[in-house]
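Numbered as in my numbering, the sequence shown ends at 912 without a single skipped number.
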Amino acid sequence: MTAADTSVLVPPRATARPGPPPRAAGRDTGIDLVRAVCVLVVVLLHALMVGVTVDDAGPVFANAAVGAAWFAPLTWVAQIMPVFFVIGGFAGALAYRRMRGTGGTAVGFVAGRVHRLLLPAVVTISVVGIGLVALAAAGVPGEVVQTAGYRFAQPLWFLGVFLLCQALLPVLLAAHERAPGRSILVLAASAVVIDLVRAASGIDAIGFLNLALVWLTLQQVGFFLADGRIDGIRRRTRALIGAGAVAALAASFMAGVFSPDLIENLNPPTVALLLVGIAQTSLLSLLRGPLARLSRRPRVAAFTDFVTARTMTIYLWHMPVLLGMAGVTALIALTSGAVLPEPSSPGWWLTRPLWLGLAVALTATAAWALAGAERRRMPQATTSAARTVQAALLGVTGVVLLLVVGTTAVTAAVAVVLFLLALRRIRARAARSPKRAGRSASDTSAFLRDGAPVDVARW
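In structure tokens:
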């Protein structure tokens, strides 16, 4: 990152116009709206990547984006993961500070995040594991079952990385409060070093260290947004910083440093995503006022509230919904003799509005019906830091298993067991006095209630 790129991350000069104060309390409905729109973009993007055809050998399930000329330009607006993690840092910082103000602890904060993220995952992965067994028992070819498990697991990287980032948030927020510039520059510089070593060595596996460093850096950007430091910079300066990040990104594409396909830059994450995050954060800060006004409109607020209360459920269930749609489409074509259009063909594009609308409708229906686990109140949490760390590690290990080995009936069962062990580790070992138990429950679940301000655990 250049000095120009990082200037958005340091406190503004005394001559800068004052920005809005940090929102320590009260819901930031504009941020909620941005998060809800990003969730919708994820569903639509993944739905657009589903390609189903039928040939003489049977159904063919492919990624419609592979080799498609339209996909890379689309990712320039559809790659919204950087701003997700910025919002995660923003909302997580406010939630943790709010807990500290009422006597809560870092252990309570992390335990709450583990509960909110892993409990709905237990339900989804259990159902998917049973579904894979049912497909195999019904005589579905093993290759198709394997593809279904692989496609389901792909988006789960976010669950593991977000859990890691939130588990480290209290420590990194403390570092930010002591030395904001130094803490973020260390993370960003480390991410740059990883990219350089990966390029010099040709060993792509080294790049996966940036699964932590890139996203932790962007979470740290969210701390600056929560402090009001970014909003305190002159609007023109923020616009120039955002434009500079976009220009640097475009130059990296032309020089062949990074792929112009920003989704490709996810696997493994590259420093290109930091530039995307800077540009998106600059734009977000410039639009805070209009977004807040838009978010208060009744229909917009209804959309935001629906997604906010069910974000983890939407995230976990949208791939099973898409896989089910693909399977039913192939079955209908096989039984009726209908010819399915090739991905990216004119006929395929003509059917996309119906396909995308159905994907959103079915995902919303699943979220409406299955969000109970996400909204379930957390039991009394442990006060042990060691048990909470173990819980976070168990959760991350379960996700890594599904990603590396693949989702099968066996790996799904093992992951569920690991998640259940994690949930058990964060529970208090024994009941305490009613007074203290009541305060602990308040500490660890206050930010889990539907009315909690800007609760990042909902994504």
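From the three backbone atoms N, C-alpha and C, an ideal C-beta is built for every residue, glycine too.
{"Item": "Which residues in the same chain as residue 613 place their Cβ atom closer than 7 Å to its Cβ, once the five residues preceding and following it in sequence are excluded?", "Value": "849, 852, 853"}
{"Item": "When the Cα atoms are used, what is the spatial distance from residue 697 to residue 685?", "Value": "19 Å"}
{"Item": "Can you tell me whether residue 886 is buried or exposed? The criterion is at least 16 other CB atoms within 10 Å of its CB, across all chains shown.", "Value": "Confidence in residue 886 is poor, its pLDDT being 47 and thus under 50, which makes the residue's placement too unreliable to answer from."}
{"Item": "Excluding five sequence neighbours on each side, which residues of the same chain lie with their C-beta closer than 6 Å to the C-beta of residue 504?", "Value": "515, 517, 796"}
{"Item": "Would you list the residues sitting across from residue 926 in a DSSP beta bridge?", "Value": "With the chain running from 454 to 912 in the structure shown, residue 926 is simply not present."}
{"Item": "With which residues is residue 553 paired in a DSSP beta bridge?", "Value": "Answer is none; residue 553 lacks a bridge partner."}
{"Item": "Where residue 709 and residue 725 are concerned, what is the direct C-alpha to C-alpha distance, given to the nearest angstrom?", "Value": "12 Å"}
{"Item": "Here's a check: name, in chain order, each residue in its chain whose Cβ is nearer than 7 Å to the Cβ of residue 531, leaving out the five neighbours to either side.", "Value": "494, 498"}
{"Item": "What is the rounded straight-line gap between the Cα of residue 740 and the Cα of residue 484?", "Value": "10 Å"}
{"Item": "Against chain D, with Cβ distances strictly below 8 Å, would residue 501 count as a contact?", "Value": "Absent here is chain D; the protein component of the structure consists of one chain."}
{"Item": "Can you list, in chain order, the residues of its chain with a C-beta nearer than 7 Å to that of residue 626? Leave out the 5 residues immediately preceding and following it.", "Value": "546, 549, 676"}
{"Item": "Output the boundary residues of the alpha helix (DSSP H) element that contains residue 580.", "Value": "559 to 590"}
{"Item": "Residue 855 and residue 606: beta carbons closer than 8 Å?", "Value": "yes"}
{"Item": "Quick one: complete alpha helix (DSSP H) runs, 4+ long, within the segment 649 to 733?", "Value": "663 to 680, 688 to 707"}
{"Item": "Return the chain-ordered list of same chain residues with a C-beta closer than 7 Å to the C-beta of residue 651, the five sequence neighbours on each side being excluded.", "Value": "657, 659, 660"}
{"Item": "Taking residue 838 as the reference, give the member of 732, 480, 621, 681 with the closest Cα.", "Value": "621"}
{"Item": "What three-state label does DSSP hand residue 475 in the structure shown?", "Value": "At residue 475, the pLDDT of 40 sits below 50, so the modelled position is not reliable; the number obtained from the coordinates is stated separately. If DSSP states are grouped into helix, strand and coil, residue 475 belongs with coil."}
{"Item": "Please report the straight-line C-alpha distance between residue 523 and residue 776, rounded to a whole angstrom.", "Value": "23 Å"}
{"Item": "Between which two residues does the alpha helix (DSSP H) containing residue 767 stretch?", "Value": "764 to 789"}
{"Item": "Any chance the CB of residue 790 is under 7 Å from a heavy atom of the ligand SAH?", "Value": "In the structure on display, the ligand SAH does not appear, and there are no ligands present to speak of."}
{"Item": "Mapping DSSP to helix, strand and coil, what is residue 880?", "Value": "strand"}
{"Item": "Roughly how many whole angstroms lie between the Cα atoms of residue 576 and residue 616?", "Value": "17 Å"}
{"Item": "Pull up the CB-CB distance for residue 562 and residue 552, whole angstroms please, since I reckon it's below 8 Å.", "Value": "6 Å"}
{"Item": "Could you work out which residue in 833, 632, 579 is closest to residue 557 when comparing CA atoms only?", "Value": "833"}
{"Item": "Between which residues of its own chain and residue 702 is the CB-CB distance below 8 Å, once the five residues before and five after are set aside?", "Value": "711, 725, 728, 729, 732"}
{"Item": "Buried or exposed for residue 644, please, with buried defined as at least 16 other CB atoms from any protein chain shown within 10 angstroms of its CB.", "Value": "buried"}
{"Item": "Let me confirm a value: residue 574 is counted as buried when at least 16 other C-beta atoms fall within 10 Å, else exposed. Which label applies?", "Value": "buried"}
{"Item": "What separation, rounded to the nearest whole angstrom, lies between the Cα atoms of residue 793 and residue 570?", "Value": "38 Å"}
{"Item": "Provide the residue span of the alpha helix (DSSP H) that contains residue 742, from first to last.", "Value": "741 to 748"}
{"Item": "Assuming residue 691 contacts residue 748 under a Cβ cut-off of 8 Å, what Cβ separation, rounded to an integer in Å, is found between them?", "Value": "Wrong, their Cβ atoms sit about 20 Å apart, outside the cutoff."}
{"Item": "Buried or exposed for residue 720, going by 16 or more other Cβ atoms inside 10 Å?", "Value": "exposed"}
{"Item": "Could you round the C-beta distance between residue 602 and residue 861 to whole angstroms and report it? I think they count as a contact, below 8 Å.", "Value": "6 Å"}
{"Item": "Can you tell me whether residue 623 is buried or exposed, with buried defined as 16 or more other CB within 10 angstroms of its CB?", "Value": "buried"}
{"Item": "Please list, in chain order, all residues of the same chain as residue 715 whose beta carbon is under 6 Å from its beta carbon, the five residues on each side excluded.", "Value": "528, 532"}
{"Item": "Just the Cα atoms here: how many angstroms apart are residue 513 and residue 798?", "Value": "16 Å"}
{"Item": "Which of helix, strand or coil does DSSP assign to residue 888?", "Value": "Confidence at residue 888 is low in this model, with a pLDDT of 49, below 50, so its placement is unreliable and the value that follows should be read with caution. Residue 888: helix per DSSP, three-state reduction."}
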